[in-house]
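Structure record follows, encoded as structure tokens.
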Amino acid sequence: MSEFLVIVESPAKAKTIERYLGKKYKVKASMGHIRDLPRSQTGIDIENEYEPKYITIRGKGPILKDLKTAAKKAKKIYLAADPDREGEAIAWHLAQSLKVDINSDCRVVFNEITKDAIKESFKHPRPINMDLVDSQQARRILDRLVGYNISPLLWKKVKKGLSAGRVQSVAVRLIIDREHEIKQFVPEEYWTIEGSFVKGKSSFEAGFYGVKGERIDLKSEEEVNSIKAQLAGNQFTVSKVSKRERKRNPAVPFTTSSLQQEAARKLNFRAKKTMMLAQQLYEGIDLGKEGTVGLITYMRTDSTRISEVAQKEAYEFITQNYGSEYTKGDTGKEKKNSNIQDAHEAVRPTSTVREPNSLKEFLSRDQLRLYKLIWERFIASQMSPAVMDTMSVDLVNGDVVFRATGSKVKFPGFMKVYVEGTDDAVEEKDRMLPDLKEGDVVINKDIDPKQHFTQPPPRYTEARLVKTLEELRIGRPSTFAPTLDTIQKRGYVSLENKRFVPTELGEIVLELLLEFFPEILNVEFTANMEQDLDNIEAGEVNWVKIIDQFYKVFEQSLAKAEKEMQSVEIKDEPAGEDCEQCGSPMVFKMGRYGKFMACSNFPDCRNTKAIVKEIGVKCPNCKEGNIIERKSKKRRIFYGCDQFPTCEFISWDKPISRPCPKCEGMLAEKKLKKGIQVQCVSCDYKEEPQS
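Okay, here's the thing in structure tokens:
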């Protein structure tokens, strides 16, 4: 008989931990929360200090019964849920159900599932931290009060199936506000002048800087012509040469948010997928003879702290594999942001020596790609800065100044392993200038003025939105993935070309919420609420007080909305064609995934069909059909023949109407990190990428 019962959330985690603890320990899984608020009612006793009514979650009865049976046989029970607010709440619910004294040393936490970390954590059990529990309860109650009061109102006034929440509503507002910015944006004209120069056999580029040493921005063609008129001949003199050495520091190890952002940029992973894979890597992977091992530390964190043990291991690995000159000189503590919960470490590999290539046979392709990203980011964070040689040269012709800049990697440092991605995919490349000295004369071979227009702010990608939510302190990093998933499922926004676009339904709901619940949509209010939840966790304020302050204002807004909110009818828009089954007009309707066409004679006629978007290209396969835009089950856009299934032509790249000049085959637009490149699908013909 096992002397000790350990309860974790997942079977994978249980299997790994049981192997480390030995025969005296029986490890069982609760499968997440075993108790929660009821789904059929609010479950909050407002008159009794917002007392929550918890019930056993439907389907968890057999699991709880099994845990109670095991608990009766055990000398001691350890609750080892995840090391965060949610995990503390799960442990508290288990303690309540199994009659475990919350003040006893029953709680065990660990940041990584490795043998040493597990054994060390069981040497230091502690009581359940009720401040953490209260913080989680407060968030749950807040979200329940908002969701279970506003959602039925939206069902009654707009349509069934809608929902509203503190964080999701603000996320939708950010997306819609950005769309309004884009629509209201007025482009401004500006010009640049690029020049090609030579000195001896060396050539280089330089751009117009200004006049008499003062920078000038060119706004019109007239200003460009004025500058060109001031040039006398094609000889320019080097008036100034600046050379300096610049250091570039590595990015810090991953937090939950930065992991989601970088996985979106570099791996094209949705936030939900990133967190699912990270959970698998954390809980443990079967590595054959080595057994099941947790490969990364806990993935829900906003700390960049690294343990001294991990720093030392990384130092030894880098010294051995790259040389001592690549090690990080300063291993001091990272600067800590006051907003960060520093309960555990950054996301990192549990063992530096476990290189990605050594795990190929044990991991799925996507698991390996994510692990490689985490491993490389951590190793790079512990390496020395890169050193860049930079050079700036001013060229003068009369009063007109052109400036050329160049840089070269003198010492790669951390860049030998990893370079952080950017939303705009800007890469730092070597661009060296010839050896120039003040007084040198160079020859201008060409002057190329170009007209440009300022661009509107970009729509949010998942990475941009996650970054913005984090910067504004809206929600916790662990909530970002489910939030983005929810606003799409509700039909408030859709993803087009990996960017969020608001739907008509999203606009309608936001307008109603802004009118009657402005505090819910207020970014500063929502951020302050997150700070209040942090203060509850720190034991600085009572959770009931925070809920009461919120609810007294919210209750008044709710009463006003119940009385004054007008019903909104989302009118069906004529589609301009008749139903092929009954002859009635077809209309556009709003569905879960956006608009679709349906017969206006519903329910007598239930004919529906997708909205077909033609791109003006004939099918290269059957020569008769037209290429249309379609969407896969995962909402990814692809292109196919409208004669399907007779013709099965499909393409992930967008076909274009002109033929390949080399083989007369079909040309298609292929998306690259640097822009869009036109390529032939039949031969090796390619055009220069366009940003």
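Read in order, the letters of the sequence shown are residues 1 to 691 in UniProt numbering.
The beta-carbon is built from N, C-alpha and C at its ideal position, and this holds for glycine as well.
If you're wondering where the values come from, they're calculated on a predicted model, not measured in any experiment.
Alpha-carbon spacing of residue i relative to residue j, whole angstroms
i: lysine 336; j: valine 419; result: Summary for lysine 336: the model assigns pLDDT 45, below 50, so the residue's position carries little reliability; its value from the coordinates is reported in the next sentence. Their backbone Cα atoms lie some 23 Å apart in a straight line.
i: asparagine 103; j: tyrosine 78; result: 12 Å
i: leucine 472; j: alanine 527; result: 7 Å
i: arginine 107; j: arginine 126; result: 5 Å
i: glutamate 47; j: alanine 271; result: 39 Å
i: cysteine 683; j: glutamine 168; result: 47 Å
i: leucine 174; j: valine 501; result: 11 Å
i: serine 220; j: tryptophan 191; result: 6 Å
i: asparagine 535; j: isoleucine 318; result: 40 Å
i: valine 617; j: lysine 670; result: 16 Å
i: serine 657; j: threonine 486; result: 38 Å
i: lysine 333; j: phenylalanine 378; result: With a pLDDT of 45 at lysine 333, under the threshold of 50, the modelled position of this residue cannot be trusted, and the question is left open.
i: leucine 295; j: leucine 281; result: 5 Å
i: valine 442; j: leucine 231; result: 14 Å
i: proline 482; j: aspartate 143; result: 14 Å
i: phenylalanine 269; j: glutamate 283; result: 20 Å
i: glutamate 614; j: phenylalanine 596; result: 15 Å
i: lysine 183; j: tryptophan 375; result: 42 Å
i: leucine 373; j: serine 196; result: 40 Å
i: alanine 229; j: glutamate 189; result: 21 Å
i: residue 735; j: lysine 289; result: As shown, the chain starts at 1 and ends at 691. That puts residue 735 outside it, with no answer to give.
Check whether residue i and residue j have beta carbons under 9 Å apart
i: isoleucine 63; j: alanine 91; result: no
i: glutamate 462; j: alanine 264; result: yes
i: alanine 95; j: leucine 5; result: no
i: threonine 237; j: glycine 406; result: no
i: alanine 171; j: leucine 465; result: yes
i: phenylalanine 204; j: leucine 287; result: no
i: valine 396; j: serine 632; result: no
i: valine 293; j: isoleucine 306; result: no
i: arginine 248; j: alanine 386; result: yes
i: isoleucine 7; j: leucine 67; result: yes
i: serine 10; j: threonine 56; result: no
i: proline 518; j: threonine 255; result: no
i: glycine 207; j: proline 434; result: no
Member of the options whose CA lies at the smallest distance from the CA of residue i
i: alanine 314; options: Thr304, Leu281, Thr350 and Gly288; result: Thr350
i: threonine 114; options: Arg354, Asn535 and Ala29; result: Arg354
i: threonine 454; options: Leu218, Asn234 and Gln320; result: Leu218
i: glutamine 367; options: Asn542, Cys663 and Gln279; result: Gln279
i: glutamate 540; options: Gly43, Phe122, Tyr492 and Asp131; result: Asp131
i: valine 133; options: Met415, Leu98 and Pro52; result: Pro52
i: arginine 139; options: Glu688, Asn607, Phe588 and Glu537; result: Glu537
i: glycine 213; options: Thr56, Val224, Ile118 and Arg403; result: Arg403
i: tyrosine 371; options: Thr422, Glu262, Pro434 and Pro412; result: Glu262
i: phenylalanine 414; options: Lys408, Glu345 and Gln382; result: Gln382
i: proline 458; options: Gln581, Pro603 and His180; result: His180
i: methionine 276; options: Phe480, Lys654 and Tyr639; result: Phe480
i: glutamate 112; options: Lys654, Lys13, Lys73 and Lys26; result: Lys13
i: alanine 380; options: Asp399, Trp155, Ala80 and Lys416; result: Lys416
Those residues which DSSP pairs with residue i across a bridge
i: leucine 5; result: Lys26 and Ile77
i: proline 52; result: Ile44
i: tyrosine 639; result: Glu629 and Ser651
i: valine 401; result: Gly210 and Val396
i: isoleucine 447; result: Gly195
i: glutamate 573; result: Phe588
i: alanine 171; result: The partner list for alanine 171 (beta bridge, DSSP) is empty, contrary to what the question assumes.
i: cysteine 680; result: Leu667
i: serine 494; result: Val501
Same chain, Cβ closer than 6 Å to residue i, five either side skipped, listed in chain order
i: aspartate 84; result: Arg300
i: threonine 352; result: Glu313, Ala314 and Phe317
i: aspartate 45; result: Glu51
i: valine 401; result: Tyr209, Gly210 and Asp394
i: isoleucine 150; result: Ala164
i: arginine 244; result: Thr390
Residues near residue i in its chain [Cβ-Cβ closer than 7 Å; skip 5 each side]
i: cysteine 647; result: Cys619, Asn621, Cys622, Gly625 and Cys641
i: methionine 565; result: Leu153, Lys157, Leu512 and Phe516
i: residue 692; result: The structure shown does not extend to residue 692, since the chain spans only 1 to 691, so no value can be given for it.
i: valine 198; result: Val442, Ile443 and Lys445
i: glutamate 687; result: Gln677 and Val678
i: threonine 608; result: Phe596, Met597 and Ala598
Own chain, CB closer than 8 Å to residue i, minus 5 neighbours either side, in chain order
i: isoleucine 508; result: Val158, Val568 and Ile570
i: isoleucine 118; result: Ile17, Tyr20, Leu21 and Phe110
i: threonine 327; result: Tyr315, Ile318, Thr319, Gln382, Met383 and Ser384
i: leucine 521; result: Ser169, Val170, Arg173, Leu510, Leu513 and Leu514
i: glutamate 3; result: Lys24, Tyr25, Ala74, Lys75 and Lys76
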